[in-house]
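The sequence shown begins at 63 in our numbering and counts up one residue at a time.
Note that beta-carbon positions come from the ideal geometry of N, C-alpha and C, so glycine has one too.
Some notes on the structure that comes next.
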Amino acid sequence: MAATGFGGAIAPTPLVRSWRTSFLTLRDETLTNLPRTSTPQLLNNLIFSHSHTLLCAAPELPSHEVLSDILFMMELVASTSSDQEDCIHIYTQTS
């Protein structure tokens, strides 16, 4: 049985925490003034290398949260990738 948090709310599962940590870290890293890592590297390190876990987590999350995070990722790729090959590679991995 899942532990309850404040107000009787059910605590998120490890899968949900993994999803949220990955996408929040991606947002944080891309919003810094001087990103330390390129967008493709961030996506590989934070999202694609954990794709199995994230895919397992998606059904446990509200659909609007999944959609919002995926749209953020797609917009990030579109706005930061100047190389068409990078875009194609990243979009292929997300489909």
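Report the rounded CA-to-CA distance for residue i versus residue j, giving the unit in angstroms.
i: Thr83; j: Ile109; result: 10 Å
i: Leu104; j: Leu133; result: 16 Å
i: Ser130; j: Thr154; result: 19 Å
i: Phe142; j: Ile72; result: In the sequence as presented, Phe is not what sits at residue 142; that position holds Thr. For Thr142 and Ile72, the distance between alpha carbons rounds to 37 Å.
i: Phe85; j: Leu138; result: 12 Å
i: Ile150; j: Met136; result: 11 Å
i: Ala65; j: Ser125; result: The predicted model places Ala65 with a pLDDT of 49, which falls under 50 and marks its position as unreliable, so this point remains unresolved.
i: His114; j: Leu77; result: 10 Å
i: Ser111; j: Glu127; result: 20 Å
i: Thr87; j: Ala140; result: 19 Å
i: Arg89; j: Pro74; result: 20 Å
Quick one: grab the DSSP three-state call for residue i.
i: Ile132; result: helix
i: Ile150; result: helix
i: Thr99; result: coil
i: Ala120; result: helix
i: Ser143; result: coil
Please confirm whether any heavy atom of the ligand NAP lies closer than 7 Å to the CB of residue i.
i: Leu138; result: The model depicted lacks the ligand NAP and carries no ligand whatsoever.
How is the alpha helix (DSSP H) around residue i delimited, first residue to last?
i: Arg82; result: 76 to 93
If residue i and residue j are in contact, beta carbons under 8 Å, what's the gap, nearest whole angstrom?
i: Leu116; j: Ser80; result: 7 Å
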